[in-house]
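Here is the structure we will look at.
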Amino acid sequence: MEKACDGGRSKVKRTEVGGGDRKKAEIEDQSADIELEMGETDLKIKGHYYDVKTIQQAIHLLINSGISFRGVEKVFELFNDCESQATPSFSCIRKWLGRIAIYELKREKEYRRDWIYIVDFTLALGKHKALVVLGVSQEYLLSNVIEEKRGLSHKDVEILAIEIMESTKGEIIEKQLDKISQRVGVPRQIVADNSSDLARGIKLYQENNPEVIYTHDVTHAMALLLKYQLESDKRYQSFIQKCSICRQQLQQTELSFLAPPSQRSQCRYFNIERLTDWGIKLLNSSVETLISLIPDIAPSLIYQKVRDKLGWLNDYKSDLIKWNQMVSLTRSIETELKQAGINHNSLDCFAKNQLSFDAPYLQKLQQDIFDYLAVQCHKIKHEGTFLATSDVIESLFGKYKQFSARCPFKEISQMLLTICLSTMDLTTTVVKNALLNISFADVEAWFLQVFGQSSLSKRKILFSPDCEDTETA
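Sequential numbering from 1016 applies to the sequence shown in my numbering.
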């Protein structure tokens, strides 16, 4: 008999903390977990075959270990084999993901005046774009993140909204920000990557909320400064081309471990040091060590191959040092702002701690960084330290893309909800309340309302035998 994995919608009133301080909620959840582990509270969920612990373990394997739905099913099969326990199917696990994520999206968030919004779009094939808005209070940022001199983690932020849109026009973004602020409060700061539509939407929103500080994410800002200098640098562009050719020539040879690292086409200025470090380390490496790594080939032949395939690097020795200095300059300000935040003193600290450079390219880059800081610090009209980066949302998008890459169509789908689960503290209390309050019918209704019929569903209908028979007739 098929195991029931989706009970009907419960009429139990929601007991999950809908607002209030996040720390207080976590303490209450932890206390409830202790009670559950002691057996004082029933782990069973009305209408469900599997208990809370099984569901919790499945979601943790999925989100924290990055295992696929079918992979999680196989893990349960492996460990349940000796005990003859039932194993949840991959489709069952997928339904749990949807229900818990929708619960988090619909959960009432605390209304505050010190929210910091972290905003960005994630794109895929098709007409839909997802506007994701994360939130962290300035109070929490100061006391738990900057105090510890670290960056924001996934668990430090909350999902304030995921809005599926067909257009990224500034006017539409403004309306979405208005709608969110009506629910949780007008933010004190918005951090984003300064893309054209997003920046326009935020500026339109600021017209009605002039007290809101808009900060251009330091990671994207520094990448842009490097792009402005290196995109017009013919030496750098020729270096990139030769790296690409070299990688192709070495990938099927015994020297493949010496091949230059590949770069993503759209984010090549975010990780320039991967190539510069490779070049500098290779030029400084010992020939004797290299020969010892390939003992089956004569040393003279190895030396000849290296000279033929990588000898061109010697022509870029001074350039590599130059580019490495530029990257180091941008990384130093990124590290400082990410750990200490941005405030009135950030500009003075940068000017005070910087070295004096003779090279014109470093002088120009230093001045560009100074101008960026001057603009961002000028926006802070009152005392206080704020967030300088949107790295946390980029990290969540990277995690989501690992899941979406397994989908048959590269479109925004239910896997977008993994972003919600990545930010949640998945205690037994939260999991139980989510499944009591959200049914799979709620997930289907949300998905149909937001996306309509999926591309995979359309293809299955089009390519089904019944459809082919109708066409032939």
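Each residue gets a CB set at the ideal place from its N, CA and C atoms; glycine is no exception.
Between the alpha carbons of S1005 and H1063, how many angstroms are there, rounded?
Residue 1005 lies beyond the residue range present for the chain, which begins at 1016 and ends at 1488; the question has no answer from this structure.
Between the beta-carbon of Q1221 and the beta-carbon of F1401, is there less than 8 Å?
In this structure, F1401 does not lie closer than 8 Å to Q1221 by Cβ.
Can you give, in chain order, each stretch of the alpha helix (DSSP H) that sits fully within the segment 1092 to 1147 and has at least 4 residues?
Correct list: 1105 to 1121.
Starting from the Cα of P1202, find the closest Cα among E1246, E1226, E1186, D1212 and give me that residue.
Checking every option, the nearest Cα to that of P1202 belongs to E1226.
Excluding the 5 residues flanking T1183 on each side, which residues of the same chain have their C-beta closer than 7 Å to its C-beta?
Cβ neighbours of T1183 beyond the five flanking positions: F1136, K1144, D1212.
With H, G and I counted as helix, E and B as strand and the rest as coil, what does DSSP make of V1201?
Looking at V1201 - three-state DSSP - the assignment turns out to be coil, as it is neither helix nor strand.
Per DSSP, G1150 is paired with what?
BP columns for G1150 point to Y1132, E1173.
Given this structure, state the Cα-to-Cα distance separating V1407 from L1370, to the nearest angstrom.
Approximately 30 Å, taken between the alpha carbons.
Do you know offhand how far L1290's Cα is from T1304's?
Each residue's alpha carbon lies about 21 Å from the other.
Using DSSP bridges, identify the partner residues of M1180.
The partner list for M1180 (beta bridge, DSSP) reads K1144.
Name the residue from I1188, Q1197, V1390, V1233 whose alpha carbon lies nearest to the alpha carbon of G1216.
Considering only alpha carbons, the answer is I1188.
Could you tell me the alpha carbon to alpha carbon distance between S1300 and D1440, rounded to whole angstroms?
S1300 and D1440: Cα-Cα distance of roughly 46 Å.
Does the segment 1441 to 1453 come into contact with the segment 1104 to 1120, if we say contact requires no fewer than three beta-carbon pairs (one atom in each stretch) closer than 8 Å?
Yes, the segment 1441 to 1453 touches the segment 1104 to 1120.
Locate the alpha helix (DSSP H) running through Y1387, then write down its first and last residues.
Looking at the DSSP string, the run of the alpha helix (DSSP H) that includes Y1387 is 1375 to 1393.
Can you tell me where the beta strand (DSSP E) holding Y1229 begins and where it ends?
Unbroken beta strand (DSSP E) run through Y1229: 1228 to 1231.
Skipping 5 residues on each side, what residues in its chain have a beta carbon closer than 6 Å to that of F1084?
Excluding sequence neighbours, F1084 sits near F1105, I1108, R1109.
Looking only at its chain, what residues have a beta carbon closer than 7 Å to the beta carbon of W1461, apart from the 5 residues adjacent to it on each side?
Excluding residues within five positions, the ones whose Cβ falls inside 7 Å are I1117.
Where do the N-terminal and C-terminal ends of the alpha helix (DSSP H) with K1257 fall, by residue?
Where K1257 is concerned, the enclosing alpha helix (DSSP H) stretches over 1249 to 1265.
For E1092, I'd like the list of residues in its chain whose CB is within less than 6 Å of its CB, leaving aside the five on either flank, ordered along the chain.
T1102, listed in sequence order.
In whole angstroms, give me the CA-to-CA distance for F1372 and Q1378.
So the two alpha carbons sit approximately 6 Å from each other.
How far does the alpha helix (DSSP H) with V1446 in it extend, from its first residue to its last?
Note, V1446: alpha helix (DSSP H), 1443 to 1452.
May I have the straight-line CA-CA distance separating K1396 from P1275, to the nearest angstrom?
When rounded, the distance between both Cα atoms is 46 Å.
Give me the residue from S1210, N1223, Y1376, Q1264 with the minimum Cα distance to W1338.
Selected option, being the one with the closest Cα: Y1376.
Would you say the segment 1156 to 1170 touches the segment 1346 to 1361, given that touching needs at least three Cβ pairs under 8 Å?
Judged by Cβ distances under 8 Å, the segment 1156 to 1170 makes contact with the segment 1346 to 1361, as three or more pairs qualify.
Quick check: what's the CA-CA separation for E1443 versus D1386?
With the sequence shown as reference, residue 1443 is identified as Thr, and Glu is not the correct amino acid for it. Using only the alpha carbons, I get a separation of about 49 Å.
Looking at R1122 and S1152, is the spacing between their C-beta atoms short of 8 Å?
No, Cβ-Cβ distance for S1152 and R1122 is not below 8 Å.
At 4 residues or longer, what runs of the alpha helix (DSSP H) sit wholly inside the segment 1276 to 1318?
Fully enclosed alpha helix (DSSP H) runs of 4 or longer: 1288 to 1299, 1302 to 1308.
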